[in-house]
Amino acid sequence: MPLVSLEKAVEPLVPILPAVQSHVYVAKQLCKNPADGLTQDESASIMLYTMGWEPLHKCLYCVLNDTLRSREREQKLKP
Numbered sequence: 027m028p029l030v031s032l033e034k035a036v037e038p039l040v041p042i043l044p045a046v047q048s049h050v051y052v053a054k055q056l057c058k059n060p061a062d063g064l065t066q067d068e069s070a071s072i073m074l075y076t077m078g079w080e081p082l083h084k085c086l087y088c089v090l091n092d093t094l095r096s097r098e099r100e101q102k103l104k105p
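Mapped onto the working numbering, the consecutive letters of the sequence shown carry residue numbers 27 to 105.
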C-alpha cells in the first residue's frame, strides 16, 4: 500500500472526528521543518495522535484507543 498524505489518511475519520482536518493543519504547521529526519507528514501524524482537543473524548488518541479496546473493533476498524 503506497504512502498517502496525512490529509488523505484522515479522510475516513472525518465522519467520527469532524475536527480532525483542522488539527491536521495545525500539526503540519508546527512540523514544517522536522529536525528528527522524519517527513512533515510523519512528524505531524505523531503530533496529531498525541494532541488533546476539546471535548477530550473526541480527540484522536481517545477515540482510537477506545476502538482498539472495543469488542467490536473488527467491525469498527477496516484497513
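Beta carbons are placed, not taken as given, at the ideal position from N, Cα and C, and that holds for glycine. Fair warning: this is a prediction, and the values are worked out from it, not measured in the lab.
Discussion item. According to DSSP, is residue 97 part of a helix, a strand, or is it coil?
Written reply: The three-state secondary structure of residue 97, taken from DSSP, is coil.
Item to complete: With a 10 Å radius around its C-beta and 16 neighbouring C-beta atoms as the bar for buried, classify residue 50 as buried or exposed.
Response: Residue 50 should be labelled buried.
Worksheet entry | Cβ pair count under 8 Å reaching 3, the region 60–70 against the region 86–104 | No, the region 60–70 is not in contact with the region 86–104.
Discussion item. Let's test the definition: count the other Cβ atoms within 10 Å of the Cβ of residue 48 and tell me whether it reaches 16, buried, or not, exposed.
Written reply: Counting Cβ neighbours within 10 Å, residue 48 comes out exposed, since fewer than 16 surround it.
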